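J.: Can you read through this structure? Questions will come right after.
There are 4 protein chains.
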Amino acid sequence: MIVILRENTAQAAVEKLVANLKTFGFDVHISQGSQHTVLGLIGDTGKVDIDQIKMLECVDDVKRIQEPFKNANRKFHPLDTQIKVKDAVIGGGGMTVIAGPCSVESEEQIITVARSVKASGAKLLRGGAFKPRTSPYAFQGLREEGIKLLLEAKKDTGLPIVTEIMDLSQLELFDDVDVIQVGARNMQNFELLKQLGHSGKPILLKRGLANTYQELLMSAEYIMASGNENVILCERGVRTFETYTRNTLDISAVPVLKKLSHLPVIVDPSHAVGVAEFVAPLSLAAVAAGADGLIIEVHNNPACAKCDGMQSLTPEQFRQLVRRIEKLKSALE
Amino acid sequence: MIVILRENTAQAAVEKLVANLKTFGFDVHISQGSQHTVLGLIGDTGKVDIDQIKMLECVDDVKRIQEPFKNANRKFHPLDTQIKVKDAVIGGGGMTVIAGPCSVESEEQIITVARSVKASGAKLLRGGAFKPRTSPYAFQGLREEGIKLLLEAKKDTGLPIVTEIMDLSQLELFDDVDVIQVGARNMQNFELLKQLGHSGKPILLKRGLANTYQELLMSAEYIMASGNENVILCERGVRTFETYTRNTLDISAVPVLKKLSHLPVIVDPSHAVGVAEFVAPLSLAAVAAGADGLIIEVHNNPACAKCDGMQSLTPEQFRQLVRRIEKLKSALE
Amino acid sequence: MIVILRENTAQAAVEKLVANLKTFGFDVHISQGSQHTVLGLIGDTGKVDIDQIKMLECVDDVKRIQEPFKNANRKFHPLDTQIKVKDAVIGGGGMTVIAGPCSVESEEQIITVARSVKASGAKLLRGGAFKPRTSPYAFQGLREEGIKLLLEAKKDTGLPIVTEIMDLSQLELFDDVDVIQVGARNMQNFELLKQLGHSGKPILLKRGLANTYQELLMSAEYIMASGNENVILCERGVRTFETYTRNTLDISAVPVLKKLSHLPVIVDPSHAVGVAEFVAPLSLAAVAAGADGLIIEVHNNPACAKCDGMQSLTPEQFRQLVRRIEKLKSALE
Amino acid sequence: MIVILRENTAQAAVEKLVANLKTFGFDVHISQGSQHTVLGLIGDTGKVDIDQIKMLECVDDVKRIQEPFKNANRKFHPLDTQIKVKDAVIGGGGMTVIAGPCSVESEEQIITVARSVKASGAKLLRGGAFKPRTSPYAFQGLREEGIKLLLEAKKDTGLPIVTEIMDLSQLELFDDVDVIQVGARNMQNFELLKQLGHSGKPILLKRGLANTYQELLMSAEYIMASGNENVILCERGVRTFETYTRNTLDISAVPVLKKLSHLPVIVDPSHAVGVAEFVAPLSLAAVAAGADGLIIEVHNNPACAKCDGMQSLTPEQFRQLVRRIEKLKSALE
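Structural data, given as structure tokens:
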């Protein structure tokens with residue numbers, strides 16, 4: 010960490026500050042410039058609150074050299090993390106496809122879709138039981154009943170299931186859920202993250218609408234610092250000035266997150282773009298960019314979906330897309 | 010609600026769609042254009058899920074005319090809502106100043122600051138007990154102990170208190186809290202909003218980092234639809250490409266939200282800009298733009314604050330600012 | 010175009026407005042709702058200024074149905090436009106790679122790079138002579154001399170050249186340039202666009218930092234409306250809150266622009282991400298998303314580049330990337 | 010400037026780099042950390058291209074301490090710059106109001122508006138002759154004729170005039186124009202800025218849609234480095250995800266730019282918000298935030314304006330607003 014002092018800080022003040030910084034446990038190197046004195050803090054600065062240093066007397070600015078995340082950092086864990094969920098493995102160079110409807114709507118619907126996406130090559134089933142909706146008047150999901158139906162589909166097909174938690178009070182319902190999803194709006198729900206850190210279950214952590222790569226990794230760090238290393242990062246589009254698409258898929262997130270972290274990185278093209286006809290090109294782009302997986306919305310009858318029908322593929326569209334993904338993946342190897 | 014059909018939709022398909030739309034309870038007017046047929050839906054469309062209509066066969070696009078919020082809508086409630094919190098009133102043309110430290114740190118600290126801001130003219134005391142921090146390694150607040158210390162300060166000064174809830178599990182600790190704050194990161198924590206709707210307490214709802222005016226009002230609607238009309242909207246800066254300031258204060262939010270809604274609108278200049286020296290000009294700007302109140306960070310010793318010291322005013326700076334706010338407010342009347 | 014009237018507009022006012030709208034040459038259909046009257050304007054509304062209609066008395070809002078661009082619109086020109094530049098063809102399903110240094114620096118440099126990228130498979134040579142730089146103190150390009158050196162490289166290798174124009178006064182220097190580039194900062198330099206519309210030369214039009222798809226297409230329309238149909242659209246990243254990458258590559262632009270328009274769409278991964286090691290994954294992603302071409306920065310010695318060395322590939326890195334692009338492209342067919 | 014080396018850079022490599030840096034004319038101080046070596050560059054680093062340093066071998070990152078602008082920097086010019094335009098003075102603590110229509114439409118129109126805004130207290134007349142419009146089919150301004158009409162209005166009222174230049178080829182028409190406006194879309198039209206630097210005339214430089222404070226100041230620096238110190242900075246709203254308003258007024262730009270620079274800072278509330286009814290609260294906010302002036306659109310008949318009628322005030326609305334501005338300004342002193 011580098012500490013830049015205000016111009017013309019007196020020698021005595023510099024010495025006082027250095028003494029103060031040493032109480033944090035750092036060695037301090039002093040570099041006297043023509044206008045600015047610069048201090049180099051040596052030691053473990055990864056867990057220091059940068060704002061605390063900025064507030065010290067005579068300090069003009071502070072620059073980090075080390076990233077503020079440890080457990081998620083590839084520097085300290087060079088090999089890819091692979092997360093095993095029953096027979097599926099996420100991370101480490103494969104391409105794991107997760108598919109299913111936005112919302113669980115009925116036993117028939119979820120079992121039909123589950124069988125279909127399994128036949129097409131999906132390794133996990135997704136489906137929303139608790140649904141975060143902008144409007145209190147929109148369908149809020151089947152909730153507890155939705156979880157039960159997902160478990161039926163799991164029993165029927167053998168596919169492990171991924172579904173979203175919206176509040177800690179729902180956690181006990183997730184005992185038999187294989188992967189717990191934290192939605193974009195909850196990426197910085199820190200109390201939730203801490204508790205999920207104690208659960209040991211794989212967590213699919215979606216990037217928030219306006220959160221940076223570093224913030225996403227810090228949220229992963231919340232989970233990991235509580236003891237759970239099984240975090241799957243998910244890029245699902247960020248919010249920009251462009252309104253033609255639902256969100257703007259930040260495809261660079263794939264190679265950047267994989268450089269910064271050893272955690273698996275998957276992409277959700279359905280929520281990113283919000284329009285079914287663009288899901289295929291974005292899925293292929295994500296594969297080409299090096300994603301470890303995709304999470305894709307598939308509905309047996311998109312026109313009647315209770316939620317997000319516009320961005321859902323039909324089972325047949327999904328089947329064709331998986332073929333193209335497989336072909337592309339082979340060409341990349 | 011206006012429904013635009015795909016080009017060259019056959020007459021039979023139009024008739025089928027109209028019949029379908031009537032099952033939603035609408036009257037439907039048909040306008041046949043040279044290329045497009047347009048349907049006008051007449052009836053209460055405020056609570057309809059626009060995506061459901063978009064998915065119907067032959068539909069190209071759907072445009073709302075009515076806003077999707079009811080309880081928060083000024084159209085149905087033309088007079089300003091005034092929220093009474095002990096002796097303070099928020100809304101209806103006054104200027105209510107809320108002040109206090111970012112975090113409660115000790116009994117001495119919170120009582121010192123509380124007495125000081127009261128003497129300067131603050132009507133409510135703010136202080137964080139549960140602190141949402143990007144890093145799991147940063148100070149997380151005194152939590153339960155912080156609430157107790159706030160209640161001590163309330164007893165000592167008579168000032169009602171405002172403090173943030175981060176999770177529903179904390180709700181029972183808020184029995185004697187006067188105003189419950191929902192932070193920007195929780196603006197779309199819908200389960201939390203629903204429960205706060207049952208609490209009856211005034212809720213200070215902060216706008217999310219990348220949320221629109223309409224989304225903020227829809228989150229207010231979640232609280233109000235559960236029976237709690239006491240919602241205070243708070244603009245606290247949005248995230249943009251500009252990094253010199255912590256966030257970008259969207260000052261237009263003040264007159265726009267006050268036009269769209271009858272709810273009080275306050276501004277948090279401290280979090281918006283993140284630098285103490287800019288808090289005063291932004292506070293004055295908010296007053297001039299018509300805000301109903303301000304929530305300002307004040308710390309007895311910003312350089313030693315455990316959180317957000319950089320944006321905290323000293324008690325003396327705050328005292329002077331309140332004088333200027335009062336002078337400005339008189340000039341505007 | 011749909012015109013929504015203010016609530017409770019009197020019948021006489023409606024009639025007056027309808028008469029007024031008919032003077033614009035429209036047929037008008039009236040749809041009387043319970044609260045709102047809605048007018049459908051029938052006729053060629055593509056060239057109408059929407060703001061003019063919004064200002065008419067009693068008008069609450071206006072919604073377009075037709076896109077406001079004609080020449081660039083795929084609806085009126087369903088087949089892909091193919092732009093021939095000597096032996097190269099851009100558009101129509103191929104993958105044309107353009108490569109070269111950010112800045113032309115010397116005859117040796119540009120000829121070395123030109124030969125090298127040609128050998129690796131590039132079909133056009135790029136190189137900056139006039140350089141838009143944020144700082145007046147940064148290298149501004151070799152300017153006229155740079156154009157001459159590019160023409161030398163063209164003579165030597167036979168590669169057609171692409172280079173950026175910054176001001177109309179430079180236009181006469183571009184006589185032998187094959188493709189004129191309009192940079193992101195000039196995307197809405199409308200006087201420049203109009204004149205380039207008269208030039209007949211292929212124009213590579215880069216999307217602005219914060220411009221929508223529609224605005225990009227309207228800028229293409231400026232060129233096309235002046236008689237030049239040879240416009241190549243280029244996605245080069247937009248500006249967001251994320252600062253780790255130079256810009257945020259909006260990969261969705263590829264399939265969306267190709268749906269809305271018949272013009273070729275290429276991607277500039279080098280400027281989008283700004284870091285050499287991420288250029289390859291983004292290039293592959295662009296190919297997978299359906300781009301018609303790529304424009305990639307290659308420098309014989311990136312560490313000594315006068316501009317943008319951080320994002321330049323070495324000739325060897327470029328050679329390997331082209332191999333991967335070709336393999337991927339085959340797999341997609 | 011601080012140069013952070015890659016981890017574990019060998020001593021020999023450090024020495025080679027230091028020797029290299031000294032050739033740039035710097036003194037170099039070395040600070041050896043446990044993991045990173047950090048170099049402090051001492052000397053005039055203000056004009057160095059940071060990217061050049063970043064590319065040097067072994068360099069991990071470079072951080073600036075000095076701002077990269079000199080002429081515009083308040084550090085080297087502590088007193089406010091005041092720009093005199095006939096009897097008007099912009100900067101230095103006053104409040105100069107500029108007003109007029111978006112577009113000059115006719116002699117009668119511009120003279121009527123000019124007389125009216127003068128009577129209400131405006132000190133300069135604005136009016137567009139060359140109009141940057143997103144669509145080639147929208148009204149493009151009266152162009153040369155518009156300049157003539159503005160000069161008529163100037164003769165009639167004595168008000169100095171402000172109007173926008175769109176291309177260098179128009180410059181000779183601006184001989185009698187008092188203040189030349191550079192629009193948001195041209196903020197980084199560097200060739201234009203350089204030439205305007207040679208003109209000596211006051212330049213009103215609008216912030217681009219997605220440009221940072223520093224980029225705005227660097228564009229001012231282009232003008233100033235060519236010898237013209239008369240630059241007026243103008244905040245006119247930036248582009249965000251919020252679409253209810255035309256742009257998002259960044260009110261913090263006022264105090265921040267005034268801290269960083271000695272140049273006058275004015276605000277354009279009309280373009281920022283795009284809706285007439287919000288122009289007054291935003292104007293008052295700008296005054297309260299410390300702006301040196303306002304540029305406000307006024308039209309004698311907004312409903313018939315050829316451009317931007319939606320955001321224009323009527324002469325009477327403007328008159329009342331100026332009264333409120335004056336009252337507010339007195340209260341702030």
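Chains as they are written, first to last, in our numbering: chain Y, 10 to 342; chain V, 10 to 342; chain F, 10 to 342; chain P, 10 to 342. Built from N, CA and C at the ideal position, the CB exists for glycine as well. Fair warning: this is a prediction, and the values are worked out from it, not measured in the lab.
H308 (chain F): buried (16+ other C-beta within 10 angstroms of its C-beta) or exposed?
T.: Result: buried.
J.: Report the residue from V:I119, V:A28, V:F78 whose alpha carbon sits nearest the alpha carbon of A234 (chain V).
T.: With distances taken between Cα atoms, A234 (chain V) lies closest to V:F78.
J.: Comparing alpha-carbon positions, which option in F:A97, F:D89, F:A285, F:Q149 lies nearest A131 (chain F)?
T.: A131 (chain F) has its Cα closest to that of F:A97, out of F:A97, F:D89, F:A285, F:Q149.
J.: Using a threshold of 7 Å, state whether the C-beta atoms of G52 (chain Y) and D69 (chain Y) are closer than that.
T.: Result no, Cβ atoms of G52 (chain Y) and D69 (chain Y) do not sit closer than 7 Å.
J.: Does Y231 (chain V) have its Cβ less than 7 Å from a Cβ in chain Y?
T.: Closer than 7 Å to some Cβ of chain Y, the Cβ of Y231 (chain V) qualifies, so yes.
J.: Among Y:V27, Y:P169, Y:Q149, whose alpha-carbon lies nearest the alpha-carbon of H38 (chain Y)?
T.: The residue with the shortest Cα to Cα distance from H38 (chain Y) is Y:V27.
J.: Measuring only between beta-carbons, confirm whether P211 (chain F) sits less than 7 Å from chain Y.
T.: No, no contact with chain Y.
J.: Closest to V288 (chain P) by C-alpha separation, out of V:V263, V:L151, V:R332, would be which residue?
T.: V288 (chain P) has its Cα closest to that of V:V263, out of V:V263, V:L151, V:R332.
J.: Can you tell me where the beta strand (DSSP E) with E306 (chain Y) in it begins and where it stops?
T.: 302 to 306 is the extent of the beta strand (DSSP E) around E306 (chain Y).
J.: Does D259 (chain P) get closer than 7 Å to chain V when you measure Cβ to Cβ?
T.: Interface residue, yes.
J.: Classify F327 (chain F): buried if its beta carbon has 16 or more other beta carbons within 10 angstroms, exposed otherwise.
T.: Burial call: buried.
J.: State the start and end residues of the unbroken beta strand (DSSP E) segment that holds D345 (chain P).
T.: Outside the displayed range of chain P (10 to 342) lies residue 345 (chain P), so it cannot be described from this structure.
J.: To the nearest angstrom, report how far apart D165 (chain V) and E117 (chain V) are at their CA atoms.
T.: Taking the straight line from one Cα to the other gives about 11 Å.
J.: Between the region 289 to 317 of chain Y and chain V, which residues of the former have CB atoms less than 9 Å from a CB of the latter, in chain order?
T.: Those residues of the region 289 to 317 of chain Y that come within reach of chain V (Cβ to Cβ, closer than 9 Å) are P311, A312, C313, A314, K315, C316, D317.
J.: Quick check: is the beta carbon of S40 (chain F) nearer than 7 Å to any beta carbon in chain V?
T.: True, the Cβ-Cβ gap to chain V drops below 7 Å.
J.: Residues of chain F with CB under 7 Å from K336 (chain Y), in chain order?
T.: A340, listed in chain order.
J.: So with Cβ pairs under 7 Å, would you call Q197 (chain P) a contact of chain F?
T.: Taking Cβ atoms only, chain F reaches closer than 7 Å to Q197 (chain P), which makes this a yes.
J.: Would you check if the region 173 to 187 of chain F and the region 183 to 194 of chain P touch, i.e. whether three or more CB-CB distances between them fall below 8 Å?
T.: The answer is no - the region 173 to 187 of chain F does not touch the region 183 to 194 of chain P, with fewer than three Cβ pairs under 8 Å.
J.: For R135 (chain V), does the three-state DSSP call read helix, strand or coil?
T.: Looking at R135 (chain V) - three-state DSSP - the assignment turns out to be strand.
J.: Note the first and the last residue of the continuous alpha helix (DSSP H) segment covering H280 (chain V).
T.: Segment 278 to 282, the alpha helix (DSSP H) holding H280 (chain V).
J.: Over the uninterrupted alpha helix (DSSP H) stretch that includes T105 (chain F), give me the two end residues.
T.: First-last for T105 (chain F): 105 to 109, but that is the beta strand (DSSP E), not the alpha helix (DSSP H).
J.: May I have the straight-line CA-CA distance separating G86 (chain F) from E238 (chain F), to the nearest angstrom?
T.: Here the sequence assigns His to residue 86 (chain F), which means Gly is not the residue at that position. Their backbone Cα atoms lie some 12 Å apart in a straight line.
J.: Among residues of its own chain, excluding the 5 on either side of G150 (chain P), which ones have a beta-carbon nearer than 7 Å to its beta-carbon?
T.: Result list for G150 (chain P): S112, G137, A138, F139, K140, in chain order.
J.: Consider the Cβ of S112 (chain P): report whether some Cβ of chain F lies at a distance smaller than 7 Å.
T.: Judged by the 7 Å Cβ criterion, S112 (chain P) is not in contact with chain F.
J.: Does the beta-carbon distance from L158 (chain V) to S261 (chain P) come in below 7 Å?
T.: No, Cβ-Cβ distance for L158 (chain V) and S261 (chain P) is not below 7 Å.
J.: Taking the Cβ atom as the reference point for each residue, do V23 (chain Y) and G49 (chain P) lie within a distance shorter than 7 Å?
T.: Contact flag unset, no.
J.: Return helix, strand or coil for Q207 (chain P), following the three-state DSSP convention.
T.: Per the sequence presented here, residue 207 (chain P) reads as His, with Gln not at that position. In this structure, H207 (chain P) counts as helix in the three-state DSSP scheme.
J.: For a quick check, are the C-beta atoms of L293 (chain F) and V276 (chain F) less than 7 Å apart?
T.: No.
J.: Say yes only if the C-beta of Y222 (chain F) is nearer than 6 Å to one or more non-hydrogen atoms of the ligand MG, and no if none qualify.
T.: Of the ligands one can find in the structure shown there are none, so the ligand MG has no counterpart to examine.
J.: Less than 7 Å separating the beta-carbons of I119 (chain V) and K72 (chain V)?
T.: No, they are not a contact pair.
J.: In its own chain, which residues sit with a C-beta less than 6 Å from the C-beta of K63 (chain F), not counting the 5 before and 5 after it?
T.: So the list reads V71, once near-sequence residues are dropped.
J.: At 4 residues or longer, and completely inside the region 133 to 169 of chain V: list those alpha helix (DSSP H) runs for me, N to C.
T.: As far as the region 133 to 169 of chain V is concerned, its whole alpha helix (DSSP H) runs of at least 4 residues are 153 to 166.
J.: Taking buried to mean at least 16 other C-beta atoms within 10 Å of its own C-beta, is N195 (chain V) buried or exposed?
T.: That one is buried.
J.: Which of the three DSSP states is assigned to K315 (chain Y) in this structure?
T.: Reduced to three states, the DSSP call for K315 (chain Y) is coil.
J.: Give the DSSP bridge partners of V331 (chain F), in chain order.
T.: Paired residue(s): none; V331 (chain F) is not in a bridge.
J.: Looking only at its chain, what residues have a beta carbon closer than 8 Å to the beta carbon of S321 (chain Y), apart from the 5 residues adjacent to it on each side?
T.: P110, C111, S279, A285, E306, V307, H308, P311, A314.
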